[in-house]
Each structure stands twice: as C-alpha cells, then as structure tokens.
Amino acid sequence: MTAERTARRWADYGVFRSRPQFVYHAASPPRARHPGGRSSTLHQTKALPIPRLSSILASVAAELRGRHGLTRLYVGGGSALGLLDHLFAGTALRMRDFDIFLIADRRVDEKLARSVGEALDSPELRFLPKYVYARRRTQSAREPVVAGWGALWDAHGVEVDLSIFHDDSALELNGLMNVDRILIPLPPDKTLNEIAAAILMAGSAEAAIMAGLVADPWGGYASWVHRSPAIVAWNAIHAAPIECAMRIVRACASKLHLNRLHPELADPLRAAILWGHERGWPFSRVRSFVKLLHDDRAGAELEMMHSLGAFKHWLPGIGEVIERLGHGGLIALLAQADREGRSDADHHAAFKEAGEQGGDEASALRLEALLLSMPPEQRDAVLTEIEIAEPTFASLVQEQLPHVEERRSASSQGARMRRRAGSLSSALHAVAPTA
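In my numbering, each residue carries its 1-based index in the sequence shown increased by 1.
Structure, rendered in structure tokens:
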C-alpha cells in the first residue's frame, strides 16, 4: 500500500484532506503466516483501526491526567513499530499488545497501578488485576531493580499494557534491542489520530524522527527495516538470559520473520544461557513462554530457543521432544494440534467456561501436544513450572490432557484405518480383470 492510499484512508477518518506527495519505499517485514502456509484463524493478532486505539488511549490519558496529574505518555515497544509500518509501509495495524509507557517523575508503587486499572474497568476495557506487577529492569549484570509498575486490560482480545516508570532513567532501562526503544510521544493536547496524521505528513519515518515526532535514540527503525536488530541491554541479557532470549526470538521470528538468528544475536545469547541459565525471574520467564505458545511461528521459535541451549536445564522435556522430532518436526506437531483442536467442541466449552486463565485455548492446544509427546513425569515438571505465573491455565490444561489424549488416539486410529482401506483398494484395483 502506498502512502497515497494511506492518505486517502486517513482522509476518510476526517483527520486531513490534503494529500501528501511522497511514497515511502522501504520494504516492510513480511507478515507472519501459519506454519502450514495459510493465515492462522486460531492464532492471529487483532487488526485495529487507529481511531479505535486513539479512543483507548484517550480513556487512559484522561484518567492519568485528571486524577493523578500524569501527562508524559508514549506509545512504545512493538506498538510504536507497528504504527510506523502501518503509516509508511502500508502493513495492517495488527497487534496482540498495545504498549503504553508513562513517565511519572515520582516514585511509582503498586497502589497507583491498581488504582488506574480499577478506575478504567469497563466492558470495553476489562481490567486484569492479577497482572498488576512490578516492571523489573536490569542496571547491573546480577540483580534487577523495580523500574516501575504496570497494569493490563483486555480490549476485546487485545492486551492494553500500561507501564508506569519512575522517571527518565528508569525508562532508559526498558528494551533489549534497539528496535524495542522507539517511542512516540503523546502530548496532552493531541489525540493519537492527530499524532499519527502529523507523522504521516512528515513524509517518512526518518523525517518524523528528525522532527521530534518519534524518538529513536538507538537507530532502531533503520535496523527494523533492514531486519538486523542489535542488542543494547547487555546487563539484562546476563541477568536473565532465558527470558531475554525468548523476547528476542519472538521479535525476530514472528515480527521480522527470520528463520534463524544472526550470529551477532545468537552467539552472545547462547553464551549467556550456558553460563547463567539459572538467573532471572521465574514469573516473567513463564509469562513469556505462554505468550510464545500463542505465536503464529511458535514451533520455529521453540526450535530456535532449543538451538540456543535454553531447554538443556530449564524444561528439558521440551528439549527432548524437539531433538526426537528433528528439524521442522515440532512445527508439524503444533500445526496438527491446531487442526484437530478446531473441531473439539468440548475443549472449546471448557476454556469458555473457565473465563480468565492467563493463557488462551490456542496456547493450551499447543502445550497439550508438547506434553503428550513426553513421559508423564516430565509433563508434571512442565506444568509445575507454568503454575508459577499461570496456575489456572496450568490446572485447566492438566484437566484436559486425558480428553485430548483420547481424541488424538481416536484420530490416529482413524487415519490408520483410512490408509489400510486405501492400500486394500489399490491392491484390488491392481488384480481386477480388464476387459
């Protein structure tokens, strides 16, 4: 999609009527696809128009400004990249998380984050109180510090993730790679609609950065366009190597659609995991793992994590499954779980009745396929680990395992019978007399 067509779409929103005379030529990363080549129906992020995101942001900003006097808001993380790609490369604005950052210029605590979360709770923006937790970031190679607190809402399937940082120095600790440190400032007197229009009218992402409409101190957007991100938070890598590796692998595989990590990323991650696999925060590690299971390219991402040595000591049962299946085997296993799960009405009903359980049914189907590929004692070890952050999800998966195992057995038996019938038919055809 050219910038001219994007401008016409914005004109439909009533943001501006003049047409910018430019075309941005940078190639965008290809959109993640289902392992089988089709767009996934079970595991897709939401495509949201900017006016919808602008409305969500306006609600959050009004609460922060009106009740707490907090105004220094930014769109950050993958959401900033997604917005820039949408404006200048014509990609659909698809996201699972809407990342909002706030600098409080004062000490932040759990009470503030919970107060903001509860105040905005509504059918359109459902507050998730279990995800009010400290935003831990790393200053040294060993111990993380609390850089702020965060709150999470569910906006009809999209996680609205607000991170409230104490001050500028705390925010500077956020982001593992240069592509993670792009920020779009949100002045109090402007809506996201108006800010996005101003960025688009700048003519290019580079021009928007030069104009101060986008903050990119580490050259992240150029690295993003050329699919060559660089690690900048080395202290964080050494303090929590497995968690950090998961975040980097997910960004590279699902967002940049890389099939393998560049050596500049893989080699230091492999070394950090080798020497410090026990370091990190278990809650964050489990949360990242459950999120990874939801990704379109979850199989490829798990194989990449295995190549880095992540499953040698942590969740070794998963590493053994990947070794046994061989390259590409896990992708096929998870694709089969997706297909079989689509028609499992009992499974759908169980997850629907359970309500909020941390992970979703998509993640559960893939986790169940992994668990059923390993011995029972290893299954227990994986579920015990997941209980650290997602106890309800782990319990629900454990309850569903016998049902899923029975379904898989019936499916395998049916497939064998169809193959046998096909072989018999071919044999009879071969010996049948001809006229």
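All residues carry an ideal CB built from backbone N, CA and C; glycine is no exception. Since this is a predicted model, take the numbers as computed values, not measurements.
- For S164, the enclosing beta strand (DSSP E) stretches over residues 159-166.
- Under the three-state reduction of DSSP output, W282 falls in the coil class, being neither helix nor strand.
- Residue pairing from DSSP places Y134 in a beta bridge opposite G151.
- Under the 10 Å beta carbon count, H157 is surrounded by fewer than 16 other beta carbons and is classified as exposed.
- Note on the stretch 48-132: whole beta strand (DSSP E) runs with a minimum of 3 residues are 73-76, 98-104, in chain order.
- When the beta-carbon positions are compared, A105 and L71 come within less than 8 Å of each other.
- Within the same chain, no residue comes within 6 Å of D190 by CB-CB distance, once the 5 residues on both sides are set aside.
- T139 is bridged by DSSP to P145.
- In the assembly as shown, E391 is a buried residue. Its beta-carbon has 16 or more other beta-carbons within 10 Å.
- Under the three-state reduction of DSSP output, M375 falls in the coil class, being neither helix nor strand.
- Checking the DSSP bridge columns, you'll see I185 partnered with V76.
- By the Cβ-count criterion, L294 is buried, with 16 or more other Cβ atoms from all chains shown falling within 10 Å of its own Cβ.
- Taking the Cα positions, G360 is about 35 Å away from E195.
- The secondary-structure analysis by DSSP pairs A156 across a beta bridge with V159.
- When only Cα atoms are considered, G151 and A338 end up about 34 Å apart.
- Per DSSP, reduced to three states, the secondary structure at A411 is helical.
- Rounded to whole angstroms, the separation of the alpha carbons of V161 and W154 is 5 Å.
- Unbroken alpha helix (DSSP H) stretches of 4 residues or longer found wholly inside the stretch 259-344: 264-277, 283-295, 299-308, 317-326, 330-343, given in chain order.
- When beta bridges are read from the DSSP output, A237 appears opposite no residue.
- By the Cβ criterion, the stretch 282-291 is not in contact with the stretch 254-264, since fewer than three pairs of Cβ atoms, one from each stretch, lie closer than 8 Å.
- Classified as exposed, D169 has fewer than 16 neighbouring CB atoms from the shown chains inside 10 Å of its CB.
- Between the stretch 342-355 and the stretch 376-390, the count of Cβ pairs shorter than 8 Å is below three; the stretches do not touch.
- Under the criterion of beta carbons closer than 8 Å, A171 and A148 qualify as touching, at roughly 4 Å.
- Between G300 and L335, the CB-CB gap stays under 8 Å.
- The three-state reading of DSSP puts A216 in strand, counting E and B together.
- The straight-line gap separating the alpha-carbon atoms of I200 and D98 is approximately 21 Å.
- Residue pairing by DSSP places I232 opposite M178 in a beta bridge.
- By the 16-neighbour rule on beta-carbons within 10 angstroms, A93 is exposed.
- In the three-state reduction of the DSSP assignment, A203 falls in the coil class, being assigned neither a helical nor a strand state.
- Around the Cβ of T385, a 10 Å sphere holds fewer than 16 other Cβ atoms; the residue is exposed.
- Judged by pairs of C-beta atoms under 8 Å, the stretch 175-186 touches the stretch 210-226, as three or more such pairs exist.
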